[in-house]
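Colleague:
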């Protein structure tokens with residue numbers, strides 16, 4: 001399907017994101033009516049584009065949204081390449097890089113354990 005647009009990786013990424021998100025809805029919904037309602041809510045069909053919950057989540061998780069944006073664009077690859085190149089020349093980077101990865105892992109696990117919602121799909125069965 002994508003043979004003619006080999007150089008357009010952006011279109012491939014958008015297509016993959018749409019297919020995955022719609023697939024998750026279809027997999028998670030118990031029937032097509034619930035899937036339709038979920039699709040409608042995803043695109044603002046229920047009139048709740050901005051609510052108190054939206055403000056609460058933006059206020060509480062704004063740092064995570066910024067990091068998610070930064071690491072979802074190609075700049076993350078360039079930052080990683082820069083850090084790895086600097087690690088060859090500096091002892092600080094050789095120590096800081098693995099410690100920061102381990103720290104980020106433990107922070108993520110802590111958020112998962114202390115949260116009331118478990119995002120892992122196999123706990124739903």
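Numbering (UniProt numbering), first residue to last: 1 to 125.
The beta-carbon is built from N, C-alpha and C at its ideal position, and this holds for glycine as well.
If you're wondering where the values come from, they're calculated on a predicted model, not measured in any experiment.
State the DSSP-derived secondary structure class of residue 23, mapped to helix, strand or coil.
Modeller: Looking at residue 23 - three-state DSSP - the assignment turns out to be helix.
Colleague: With contact counted as at least three CB pairs below 8 angstroms, one residue from each stretch, are the region 27-35 and the region 43-50 in contact?
Modeller: No, they do not touch.
Colleague: Is residue 22 closer than 9 angstroms to residue 39 when the C-beta atoms are compared?
Modeller: Yes, the Cβ-Cβ distance between residue 39 and residue 22 is below 9 angstroms.
Colleague: Leaving aside the five residues before and after residue 26 along the sequence, list all residues of the same chain whose C-beta is less than 6 angstroms from its C-beta, in chain order.
Modeller: Taken in chain order, the residues that qualify are 35.
Colleague: Is the distance from the Cβ of residue 83 to the Cβ of residue 97 below 9 angstroms?
Modeller: Against a cut-off of 9 angstroms, the Cβ pair of residue 97 and residue 83 comes out as a contact.
Colleague: Quick one: grab the DSSP three-state call for residue 98.
Modeller: Correct three-state label for residue 98: helix.
Colleague: If you follow the alpha helix (DSSP H) that residue 73 is in, where does it begin and where does it stop?
Modeller: Run containing residue 73: none; DSSP gives neither H nor E here.
Colleague: Per DSSP, what kind of secondary structure is residue 46 in: helix, strand or coil?
Modeller: Residue state, collapsed to three classes: coil.
Colleague: Taking only beta-carbon positions, decide if residue 53 is within less than 9 angstroms of chain B.
Modeller: The chain labelled as chain B is not found in the depicted structure, where only one protein chain is given.
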